[in-house]
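In our numbering, the protein residues as written are 2 to 292.
If you want it as structure tokens, here you go:
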């Protein structure tokens, strides 16, 4: 994604506080560049404004559909939304806002930080992501769940497959943990792959990760550790293939807590009792021991 735009677009949705995460989910589905929560309290202290930033302004029909769908997924009513507004944001204002609001995110040994953040802890593995160029900055629960699983279970030397790499954060994390390990990352979105490559170069691990555009296929080799941070509707059809391509550990996320049963029911019978669930807010990760 080019950073030469002279303007971006902001969609501001004022909602009841309980619907905050649902609106962030909707913006994610619309491929927002990032989100910001303006939590300055209203007089009644029961609403916040969630702002999504976009390279191109979503059309009204698509925006309304994703907002309504996300509220339904989270079990909320349409009246959770108080107001929706749109605005153009000049490039210099966009950069200033991100520098003001975006803070480093700590997950175990990892810290996801912008280029301008100073990280003084030598024990931390720093992943640099420029919010100006990336949709998906590692702050979402599903990314954090996957990073936590990598931090806990990944062993240096294991081969690693990142399915649905997005901005490449998971593959970059592994590359920084284990130089020389075989790491492959893929995504069906060519723009995402291009951004992931840029992020890998920024983090000086570009030569350690092999990226490709497309889905995983039957002729792909097996990997010791596989991560699939997708959505339940994408994971379930390819679950047998994900299991087949996993030699030891499979981690899946992008799954809402209410979808846990549908994921578990899709497991091959031989994996019964070989998995555990981790929760973060409305989201879960599923870690499977295949070996």
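For every residue, glycine included, the Cβ atom is placed at its ideal position computed from N, Cα and C.
Bear in mind that the values here come from a model prediction, so they are computed numbers and not experimental data.
Item	Value
Out of 165, 271 and 104, which has the shortest C-alpha to C-alpha gap to residue 244?	271
Please classify residue 69: does DSSP put it in a helix, a strand, or coil?	helix
With a threshold of 16 other CB atoms inside 10 Å of the CB of residue 86, please say whether the residue is buried or exposed.	exposed
Under DSSP, the beta strand (DSSP E) around residue 14 begins and ends at which residues?	8-17
Where do the N-terminal and C-terminal ends of the beta strand (DSSP E) with residue 290 fall, by residue?	284-290
Can you tell me which of the three DSSP states residue 114 falls into?	strand
How would you write the range of the alpha helix (DSSP H) that residue 212 sits in, first residue to last?	Taken as a continuous stretch (DSSP letters only), residue 212 belongs to no alpha helix (DSSP H), being part of the beta strand (DSSP E) at 210-214.
Cβ of residue 143 within 8 Å of Cβ of residue 204?	no
Measure the CB-CB distance between residue 166 and residue 197 and report whether it falls below 8 Å.	yes
What residue does the beta strand (DSSP E) around residue 28 start on, and which one ends it?	Careful: residue 28 lies outside any beta strand (DSSP E), inside the alpha helix (DSSP H) at 21-30.
Does residue 79 come out as helix, strand or coil in the three-state DSSP assignment?	helix
Measuring CA to CA, which of 283, 267, 248 and 263 is closest to residue 290?	248
Select from 50, 34 and 31 the residue whose C-alpha is nearest the C-alpha of residue 21.	50
Run through DSSP, which three-state label would residue 206 get?	coil
Taking one C-beta from the segment 115-127 and one from the segment 217-237 each time, how about it: are there three or more such pairs within less than 8 Å?	no
Considering only their Cβ atoms, is the gap separating residue 172 from residue 149 smaller than 8 Å?	no
In or out: residue 265 buried (at least 16 other Cβ within 10 Å) or exposed?	exposed
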